[in-house]
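Read through the structure below, which is laid out as structure tokens, and then see the notes.
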Amino acid sequence: MDYSTLSIPQIRQLLLGKKATATEITQFFLAKIKLIDPQIKAFITITEKEALGKAAEIDKKIANNETIGKLAGSIMAVKDIFLTKDIETTASSQVLKGYIPQYSSTVYQKLLDQDAIIIGKTNTDPFAFGGSTENSGFFTTKNPWNLDMIPGGSSGGSAAATAANLCHFALGTDTGGSIRQPASLCGVSGLKPTYGLNSRFGITAMASSFDCPGVFARSVDDIATVTQITAGHDKNDATSTHQTIPDYSSLLDSVNLKGLKIGLPKEYFTQAINPEVKAKVLEAAKVLESKGAILKEVSLPSTNLGLAVYYILVPSEISANMSRYEGIRFGQTSPDGSNIISYYMNVRGQFMEPEVKRRIIIGTYALSSGYYDAYYTKAAKVRTLIKQEFESVLADVDVILAPVSPTSAWKIGEKCSNPLEMYLADAYTVCINVAGVPSLALPCGFNSNNLPIGFQLIGNFFEESKIMSIGHQYQQITDYHLQQPKL
Amino acid sequence: MKVTPIIGLEVHVELRTQSKMFCSCSATHFHVEANTNTCPVCLGLPGALPVPNSTACEWCIKLGIALGCTPNLTSFFERKNYFYPDLAKGYQLTQFEKPFVVNGKLVIDGQEIRINRAHMEEDTGKSIHLTTSGQDLTLIDYNRCGVPLVEIVSEPDITSAQMAKNYLLKIQQIIRYLGISDADIEKGSMRCEPTINLKIETDDGQTVYTPLAEIKNVASLTGVQIAIDFELNRQLEEFKQTGETKSKTNKTTRGWDADKNQTFLQREKEGSSDYRYFPEPDIPYINFTQAEIDAIKASIPELPDQKIEKYKTVYGLSDYDAQTITADFSFANIYESIIIDYIYKNKVNDLTKIVGKSLKDLVGFTDSAKVKDFAKFTANLFLGAIKTHLNETGEDLDQSKINSQFFFDLFTAVSNSEISATVAKQVIIESYQTGEHPVEIAKSKGLIQVSDSGEIEKIATEVITNNPKAVEDYKKNPMSIGFLIGQLMKASRGSANPVIAKNILEKLLK
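Just so you know, the sequences run in chain order Y and L. Under the working numbering, the first residue of the first sequence is numbered 39, with each subsequent residue one higher. Under the working numbering, the first residue of the second sequence is numbered 10, with each subsequent residue one higher.
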């Protein structure tokens, strides 16, 4: 039986009906990963020992007629910036190579507590700095739909693992599009929740006021099941929400598409977008329209400022967040300890990837005395403006529908020589992070080269339930999310 | 030439909260095995996030209000970025733009010292430099990393080393009254960094300023005073030699060498560091409602200055006695509890309704002569016998050994001339040690004063018979009666009322 195409509830039912054991499921995935991952390179670490250990634990519970967790038997892949106790966590950077954390991130721990099985740690751009996994300190992950192409990023390993059915769901983080863009380029679903819905505790920080942990799966249903577990307040994260978490799964059919007002922001459909992508995204809108939704052009006039704001504020926060990686308490060390400054320079100079250094330098510059007001303060003000625009548009329409990436996946190496061009690929995702609202990326077709195309549904703060309901209903009438790459 | 010292103080105080500022580790680090009170948060491990300690935030506001500051209803933490091995995250969480409290003042030696702000921050770890087997090592202890620290920044209004010391003493006293820190400079729970220069008005009418110097590592109150005096003299001498005046770039940092009693140059050109402050994104803005601030205000106990004023006006103590008793919060409170018990017991006017309230509620209550007498009597015992005893034993005053009723009865006995003031001092200590009633002690030792003239006359007759020589002397010189009184007191084992004894002797010898 191919356990990899089943949903999370189906796997749990198999176990309860004693039609399969967690160990069999785990061994199936380990074998599949051994076979397929060498082509894709989604994983940095395969956690065979931990996976089989957890599976045995679940099987024992079933044998003893004990209650099993809500995610029992589901195989999860975890982006390598989530700290996993006793499992190497590198953040895909050489500077953390060999680091074995003493504690686990909250989100990961909550999933383990529900008997999800970790199968491995996935590749990313180092510390999630990038949009293609090409910045990784180890290797580049390949797009399962075309191995010459990037999978997107930064959570490219998690997206590729999900697309290649190497897990049931995968954890990622979205600071400027790092879940939605790779989901879109790999043809899977991905949720960037409202800032603060999922705890950031135990995840290497990129930009603290932007970072959103979230989940990849093939269907919205599975995303709802996992988000149900991860969401909610964490006493270890002062920015995590105190909101009551609704029962997402039971609300998947709650939104009535008839009369639903969908806003199409004109700034997201300009000449900058690839015509094939534009056509497919508009086609997705038409599908919803055919079910009674009302399409309406809306305007988010500050969209063009989003990238500028993002690339001031994010590196500013990064520059401070990266200071702890100096090789004294953990991570790589330098043999030269003759003087503290040269020690720092050796560790950071030798082991940090170029993109990491680039962002530290940009952020340090932006925060420097004499530049702070012109850059940081100004950008913070525009951030408020962008947030207000989203709130005002979302007061007028129920949801915003937009493309995720201006193009489909590009060739590995194509944009490496030009970091600025790489940054422009985030144009349709960053504003959502600047504002902090939730957005769900869904597959909506393929281009002429058979590469996936996705769109996103953007809701108001803490409206995950609404956008997931729309996404779920969309997936009831389309089958793009069921397509699988040939591997 | 006229020289005026300009001194500003930055005072750091470690709060004695149970846990650290941003994690749940114990905040205790004095004499604790290195790196045992640590966790991912205070070690700055990847992914760890700070969650502010609300008690520490409230205490900072409490202290600020006690220093006359105004609270900011909205404030936030910021990151101060610099690299140092004992600073785990590579930035210190502190407050810059919006501290919890601003614009306070203290009056020291009759002069107003403005306080710019009191803000909340976290302490750093400790670097320990040593040489082992010929190798220079730096060891780091992160136990102190993340301990809550309040920084109190004064304006440069202090004009002498003595005033600086008095300012520190006053802050220390207020902190101890609030019970938020032991504020011990020797233990490092209170630290002080003076910034100093001189205003020099030359004879030809010019006004110039000497370069600023910040002094670090002063580890005692006396040290602060000596260090400032040393630095003031050093700057004057240097100015006389070089004529160098203050500029934007010549601020220096100087260390304090307590062995040599002198400051030494640590760093030059302090002005150039850039800490790249920006709001801490891991912690939402902290908002207080006016009602919350009012509740914090209401939790502030009577502060030393208010207490001193009350002791003087309501209890009738001298300024010196009031200052001495209030120097220590606990000592003052034990003293005052006896007075308050007395007021309640004797239902002195309406004082029962206002005890424990602030001074302004007490205005107008002057009909309390009895309270004043009792308060003065008790103060004499506290500052005399009891304090002497505590100094000898090195102990703190133990409230459980103090019984208000004993003081009432002793006061009555002394008022009725049954016990002399001298005996009262003696028996109160014995009572404190044994828990027995002081008047009973006096009785059992035969120390009750005899005022019965018949009884005294009997003893006086004996004394006259046994001391013919002294009687002769008295007849020549009446001033020598003291010897006979002394003999009489001795014969009565101190129990005779000396005034009555003198009258009777004089009568018999006429």
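Just so you know, even glycine gets a beta-carbon here, dropped at the ideal spot from N, CA and C.
CB contact flag (residue i, residue j, <8 Å)
| i | j | result |
| --- | --- | --- |
| Y/SER227 | Y/PHE248 | no |
| L/TYR284 | L/ASN125 | no |
| Y/ALA201 | Y/PRO182 | yes |
| Y/LEU204 | Y/ALA115 | yes |
| Y/ASN471 | Y/ASP291 | no |
| L/LYS66 | L/CYS48 | Note that residue 66 of chain L is Cys in the sequence shown here, rather than Lys. Not closer than 8 Å, so no. |
| Y/LEU432 | Y/ASN342 | no |
| L/ILE509 | L/ILE457 | no |
Opening and closing residue of the beta strand (DSSP E) in which residue i lies
| i | result |
| --- | --- |
| Y/PHE207 | 207-212 |
| Y/ILE138 | Per DSSP, Y/ILE138 belongs to no beta strand (DSSP E) and is neither H nor E. |
| Y/ARG218 | Looking at the DSSP string, Y/ARG218 is not in any beta strand (DSSP E); the run it does join, the alpha helix (DSSP H), is 218-224. |
| L/HIS398 | Run containing L/HIS398: none in the beta strand (DSSP E); it sits in the alpha helix (DSSP H), 396-402. |
| Y/CYS482 | 477-484 |
| Y/ALA255 | 250-255 |
| L/ARG263 | 261-266 |
| L/ASN125 | 120-131 |
| Y/THR61 | Counting along the chain, Y/THR61 falls outside any beta strand (DSSP E), though it belongs to the alpha helix (DSSP H) covering 60-78. |
Amino acids of chain Y, ordered along the chain, whose beta-carbon sits closer than 7 Å to that of residue i
| i | result |
| --- | --- |
| L/ASP291 | SER246, ALA276 and THR277 |
| L/LYS98 | SER361 and ARG362 |
| L/LYS391 | Per the sequence shown, residue 391 of chain L should be read as Phe rather than Lys. The contacting residues do not exist; L/PHE391 stays about 48 Å from chain Y at best. |
| L/ASN90 | ALA358 and SER361 |
Within chain L, the residues that residue i reaches when beta carbons sit closer than 8 Å
| i | result |
| --- | --- |
| Y/LYS273 | VAL60 |
| Y/GLN140 | PRO49 and LEU54 |
| Y/TYR382 | PHE92 |
| Y/ARG367 | LEU52, GLY53, LEU54 and ALA97 |
| Y/PHE167 | The contacting residues do not exist; Y/PHE167 stays about 14 Å from chain L at best. |
| Y/TYR414 | PHE287 |
| Y/SER143 | GLY56 |
| Y/SER216 | Neighbours of Y/SER216 on chain L: none; closest Cβ ~16 Å, over 8 Å. |
Neighbour-count burial assignment, residue i, 16 or more Cβ in a 10 Å radius
| i | result |
| --- | --- |
| Y/THR279 | buried |
| Y/MET460 | buried |
| L/PHE39 | exposed |
| L/MET10 | exposed |
| Y/ILE157 | buried |
| Y/GLN219 | buried |
| Y/ASP118 | buried |
| Y/ALA187 | According to the sequence displayed, residue 187 of chain Y carries Met and not Ala. That one is buried. |
| L/HIS138 | exposed |
| L/LEU146 | exposed |
| Y/LEU458 | exposed |
| Y/ARG362 | buried |
| L/VAL41 | exposed |
Bridge partner(s) assigned by DSSP for residue i
| i | result |
| --- | --- |
| L/CYS201 | L/VAL20 and L/VAL227 |
| Y/LYS334 | Y/GLY301 |
| Y/ASN184 | Y/ASN181 |
| L/VAL217 | L/ILE209 |
| L/TYR100 | L/ASN90 |
| L/VAL459 | L/ALA505 |
| L/THR79 | L/VAL111 |
| Y/THR122 | Y/ILE125 |
Continuous alpha helix (DSSP H) stretch holding residue i: start and end
| i | result |
| --- | --- |
| Y/ARG396 | 392-405 |
| Y/SER45 | No alpha helix (DSSP H) holds Y/SER45; DSSP gives it neither H nor E. |
| L/THR140 | Segment 135-141 is the beta strand (DSSP E) holding L/THR140; no alpha helix (DSSP H) there. |
| L/ASN175 | 170-187 |
| Y/PHE389 | 378-389 |
Cross-chain neighbours of residue i in chain L, by beta carbon under 7 Å
| i | result |
| --- | --- |
| Y/ILE378 | PRO94 |
| Y/LEU121 | PRO55 and GLY56 |
| Y/THR83 | None at all; the shortest Cβ gap to chain L is about 16 Å. |
| Y/GLY240 | GLY56 |
| Y/SER354 | PHE287 |
Chain Y residues whose Cβ lies nearer than 8 Å to that of residue i
| i | result |
| --- | --- |
| L/PHE85 | The contacting residues do not exist; L/PHE85 stays about 12 Å from chain Y at best. |
| L/ARG285 | SER357, ALA358, THR402, LEU405, SER406, SER407 and TYR410 |
Contact list for residue i against chain C, beta-carbon separation under 9 Å
| i | result |
| --- | --- |
| Y/ILE113 | Chain labels in this structure do not include chain C; the protein chains are Y and L. |
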